[in-house]
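See below for the structure under consideration.
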Ligand SMILES: Nc1nc2c(ncn2[C@@H]2O[C@H](COP(=O)(O)OP(=O)(O)O)[C@@H](O)[C@H]2O)c(=O)[nH]1
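Protein chains in written order, with this note's numbering: chain D, 4 to 648; chain P, 2 to 303.
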C-alpha cells in the first residue's frame with residue numbers, strides 16, 4: 004500500500020500516529036563493485052514510493068549523462084552522491100538512506116564493495132541488525148562476499164539476506180541459484196549467523212525486490228521487501244544486566260546532582276540499589292529525571308538522568324550497575340580488532356581506547372592471531388595493517404568496565420585513537436576471557452592442594468609395590484593438538500611395554516571425559532580441572548607401582564607445570580606430539596576441526612582456543628613425518644637413557 | 002519484555018540526546034547554530050531534554066544575513082528569553098558596509114558573503130571548538146555520507162575522503178588547537194520525523210510555516226514575499242495578497258513560498274505527503290547543479 008492509500012484509509016492523524024509507532028530496522032547493504040547494490044536501493048526507494056518527484060526528475064536527467072542503462076532510468080543515480088565517486092563510478096563511503104513502508108521504518112547503511120574499504124563496512128555494520136549481501140548470479144560467491152559476510156558476523160549481525168542478483172543474466176536459472184545457495188551456506192556455517200535467507204532477484208528489472216517475480220515462479224519465498232518488513236529482529240538489546248556509563252554530571256543547583264548517560268543494557272527502577280564502578284560506592288536510585296517528568300523505570304537504549312539517595316562521588320567514565328550484577332573490571336582485555344589506518348598496529352605501542360563515555364591509554368600486549376578474512380584461518384602475525392582483523396591483547400593503565408561484545412554491545416565496543424594524529428585507527432569488539440581469570444583465581448586458591456605432599460599411613464610402600472612388578476613407576480605426559488597422534492602413540496607404547504612384561508596403562512583424555520570428568524566442559528577452567536584430575540589419577544597409578552601414560556591436549560603450559568608438580572619431577576616425562584595444525588586437520592576423521600570451524604563446537608584447541616607450545620618437553624615427536632613405530636622406539640630409547648626402564 | 006519497547010521516534014530522540022551530551026562533555030567551547038527553522042527548533046528541544054533540569058550549557062548562534070524574515074527574528078528573541086538561553090547574533094560587518102544584498106551581488110555571492118563567510122567569522126571570533134548543526138542525512142544526496150561528528154580543518158574545510166570512521170555511539174572527539182567539529186544530532190532523522198516530533202512535542206514554530214495571506218510577488222516561477230521595502234519592485238510589479246506558507250525559512254528574497262491552506266502541522270504534512278516534492282525545491286539557492294551542496298560544504302558552509 005502506498006502513502007496515498009494509507010492517507011485515504013486512515014486520515015492524516017491516523018497516518019501520523021501509525022507512523023509514530025512504527026519500529027525501526029537498520030540494515031546494511033554490501034557487495035562487490037557492480038553487483039547492483041545502488042540499483043537495488045534505488046529500486047527499494049522508488050518502488051516503495053520514497054523518491055520525491057524532483058529527485059526522480061534529476062535522476063532521469065542524469066541518466067542520460069552518466070547512466071549505464073541507456074534509455075531506462077538508472078536507479079543507481081537516485082542514490083549515488085559524491086562527485087568523486089561519480090567520476091570513478093564506484094561508491095566510496097558509507098551512505099545512509101531512509102525509507103518507510105506501511106509496516107516499518109528503515110535506515111540503510113549503504114557500504115561499498117571496494118576492497119580497501121573494509122573499514123567503512125565495519126562502520127556501516129556497527130549500528131545494524133541485518134545485512135543484505137549482494138551476489139552477482141553470474142560470478143557467484145567471491146572472496147569479497149566471504150569477507151563481507153565475515154565482517155558482518157564479527158560486528159554481531161544476526162540476520163543475513165543473500166540477494167542473488169542479475170538473475171535475468173542467467174536466464175532465471177533455478178539451478179544456478181541453488182548452486183550459489185549451497186556454496187554460500189557451506190561457507191556461512193563457519194560463521195556465527197543465526198538467520199540466513201536467500202532471494203533470487205533482478206534489481207534492474209524490479210523482480211523480487213518490492214514486487215514478486217514473474218520470471219521466477221519456482222521461488223517460493225516472497226520478495227525482499229516482504230522479508231525486511233516481517234523479519235523478526237530478536238532484540239539485540241540486553242535487558243538483563245543494567246549498565247549505564249556516566250557521560251555528564253549535572254549540578255544546576257546545590258540540591259540537584261544528576262548522572263546523565265545512555266543505558267547500555269538492562270532496566271533500572273527507582274529504589275534499585277546501584278553501585279558506581281570502579282569506585283564501588285553504593286547507593287539507591289532516588290529519581291529518574293527527564294524533561295517530560297520523572298519516570299519509574301528506564302531501559303536500554305534510553306538516555307536518562309539518575310539521582311541517588313546518597314551523595315556519592317561518580318564522574319564521567321564511571322559505570323553504574325546493580326549491586327548484585329556488576330560487569331568485569333579489568334585492566335587487561337582481549338578483543339577482535341579491525342584495523343582502519345594506513346599506519347599498522349604494532350605490539351608494544353600505546354593508543355587511546357575510547358568506550359561510550361570514557362577514554363584511557365592502552366598498550367598492545369600482543370596479537371594472538373590475524374584472521375585471514377577469505378579463508379577464516381587464523382594466522383600468526385606480529386602486526387595488523389589497514390583492513391586486517393585480529394585478536395589483540397590490550398592492557399590499560401587502570402581497570403576498565405568491559406563486557407563481551409556478544410553479550411553487551413555498549414560495554415563491549417571501543418575505538419582506538421592515535422594519540423598524536425587523533426585519527427581513529429581501529430574498532431574493537433571485546434572477547435570474553437572471564438573463564439581464564441576465574442581459573443587463575445581458583446588455581447591460586449588451590450595452589451598447594453594439588454601437589455604431591457601426602458601423608459603415608461600404611462606400611463606398604465610404593466617402592467615395594469613397584470619392585471613386585473619389576474619396574475619403575477613414572478608418567479608419560481603426551482601433549483599436542485587434537486589429532487596430533489597422542490593416543491595412537493600412547494597405545495602403541497602401551498602394547499610395546501606390555502610385551503616386555505610391564506604394567507602400563509593409558510589414560511585417554513577423551514575417555515576420562517565420559518566418566519571421571521563427565522561434569523566438565525571445555526572452558527579454560529574446566530580444562531584445568533580435567534587435567535588436574537588426570538594428573539591425580541596418574542599419580543595414584545604411579546603409587547601403585549604402575550607406568551601411566553596420559554594422552555591429553557593440555558594446551559596451557561602453566562597447567563602442564565601443575566601436572567608435573569602433582570606427579571613429581573622425577574617421575575614426569577613430557578612428550579610433545581608435534582604436528583602442524585594443517586596435518587591434524589587433514590587426518591581428522593572425526594570432523595572435529597570442521598565442526599569447530601562451523602561453530603558447532605566451541606573452544607577447540609588450535610581453532611578458537613590457544614595451544615601453548617611446550618618449551619622444555621623431554622621429547623618432541625614428529626608425528627607426521629615419522630611412523631608410530633619409529634616414535635615408540637624413540638620413546639623407549641629415551642626411557643632407557645633416563646634410567647626409567 | 003514487550004513493554005520495554007521504544008518507537009522509532011523515541012529511539013531517535015534518545016540517540017540524539019546522547020550525542021549532544023557527549024559534545025558538552027568533550028569540548029571546551031561548544032555552540033549551537035540556530036537558524037530558527039524547524040530543524041533548529043527540534044534540535045533545541047533535544048538539547049533542553051539532554052540537560053534538564055540544568056540550563057543549556059552552551060549559547061545559540063544565529064548568523065543573521067540581515068535579510069531574514071522579520072517574523073523569524075521576533076520569534077528568535079522571544080524564544081531565547083523564554084527558555085533562558087544565551088543568544089549570540091553575528092552579522093558580517095564587511096558585508097553590511099558594502100551593502101551586500103541578493104540583487105546587487107546575485108544570490109550566490111550574496112550567500113557566500115553574508116552566510117558562508119559570516120559563519121566562518123562567527124566561529125573564529127567565538128573560538129568555538131564544536132558547533133551543532135541541524136542538518137539531516139536525508140536532505141540531499143551528498144549529505145547521506147556525512148558523519149555525526151564531522152571533522153573540520155583550521156580553515157573550516159571538509160575533506161570527504163578523509164573522514165574518521167564512526168562506529169556505534171562511540172565518537173572520536175579529539176582535535177588539535179584551532180580545529181573543530183560540526184555535530185549533527187539530527188543525522189538520522191527524516192523530514193517527516195522532525196515534523197512529527199514538533200507535532201507530538203508541541204514545539205512552537207515560526208508562524209511563517211503556516212498558511213496565511215501574505216504580500217507576494219512572482220519571480221521566475223518562485224513566490225517571493227515582500228517582507229519590507231528593500232526589495233526592488235519591477236515597474237508595474239505589485240505585491241498581491243496570496244495564501245501561502247514556507248517549507249524552509251531563510252532570507253526572504255531567496256525563499257520561495259508555496260500556495261497552501263495548511264494551518265497546522267498535520268495539514269502541512271498531508272500536503273507534503275500528497276505533493277511529494279522535496280522541501281529544498283523552494284529554496285532558490287539550491288537550484289544549482291547537482292554536487293553544489295558538496296562544494297559549499299568543502300567551503301565550510303555546513
Ligand atoms: N604418520 C603418522 N600418523 C600418525 C601418527 N600418530 C597418529 N597418526 C595418525 O593421526 C591420526 C590422529 O591421531 P590420534 O591419535 O587420533 O590423535 P589425538 O587426537 O592427538 O589423540 C590417526 O589417523 C593416526 O593414525 C604418527 O606418529 N605418524
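Cβ atoms here follow ideal geometry from the backbone N, Cα and C, with glycine treated the same way. All of these numbers come straight from a predicted model, not from anything done at the bench.
From the DSSP output, in three-state form, read off residue i for me.
i	result
residue 426/D	coil
residue 587/D	helix
residue 229/P	coil
residue 63/P	strand
residue 343/D	coil
residue 113/P	helix
residue 56/P	coil
residue 369/D	strand
residue 323/D	strand
residue 160/P	coil
residue 263/P	coil
What residues are listed by DSSP as bridge partners for residue i?
i	result
residue 103/D	108/D
residue 242/P	216/P
residue 281/D	Beta-bridge pairing links residue 281/D to no other residue.
residue 140/P	Residue 140/P pairs with nothing; no bridge assigned.
residue 235/D	For residue 235/D, which the question treats as bridged, DSSP gives no partner whatsoever.
residue 554/D	481/D and 511/D
residue 404/D	332/D
residue 630/D	Paired residue(s): none; residue 630/D is not in a bridge.
residue 171/P	168/P
Measuring from the CB of residue i, is there a heavy atom of ligand 2 at a distance below 7 Å?
i	result
residue 373/D	Looking at this structure, you won't find ligand 2 anywhere; what it does contain is ligand 1.
Using a cut-off of 8 Å between C-beta atoms, extract the partners of residue i located in chain P.
i	result
residue 302/D	5
residue 10/D	271, 274 and 275
Does the separation of the CB atoms of residue i and residue j fall below 8 Å?
i	j	result
residue 26/D	residue 8/P	yes
residue 259/D	residue 309/D	no
residue 3/D	residue 355/D	Residue 3/D falls outside the range modelled here, since chain D spans only 4 to 648, and no answer is possible.
residue 306/D	residue 19/P	yes
residue 372/D	residue 383/D	yes
residue 147/P	residue 138/P	yes
residue 555/D	residue 512/D	yes
residue 277/D	residue 326/D	yes
residue 361/D	residue 248/D	yes
residue 217/P	residue 209/P	no
residue 234/D	residue 162/D	yes
residue 31/D	residue 165/D	no
residue 340/D	residue 415/D	no
residue 169/D	residue 39/D	yes
Let me know if residue i comes out buried or exposed under the rule of 16 or more other beta-carbons within 10 Å of its beta-carbon.
i	result
residue 77/P	buried
residue 159/P	buried
residue 299/D	exposed
residue 533/D	buried
residue 71/P	exposed
residue 220/D	exposed
residue 119/P	buried
residue 257/D	exposed
residue 286/P	Here the model assigns residue 286/P a pLDDT of 37, short of 50, so the residue's position is not dependable and the matter cannot be decided.
residue 424/D	exposed
Quick one: list the residues of chain D neighbouring residue i, beta-carbon separation under 7 Å, in chain order.
i	result
residue 191/P	101
residue 49/P	294
residue 138/P	99
residue 18/P	306
Cβ closer than 7 Å: which chain P residues qualify as neighbours of residue i?
i	result
residue 98/D	145 and 146
Mind pulling the chain D residues with CB within less than 8 Å of residue i?
i	result
residue 177/P	425
residue 197/P	19, 22 and 23
residue 53/P	292, 293, 294 and 308
For a contact meaning CB atoms closer than 9 Å, what does residue i contact in chain P?
i	result
residue 125/D	166 and 168
What residues of chain D sit near residue i, judged by a beta carbon separation below 9 Å?
i	result
residue 22/P	250, 251, 263, 264, 265, 306 and 360
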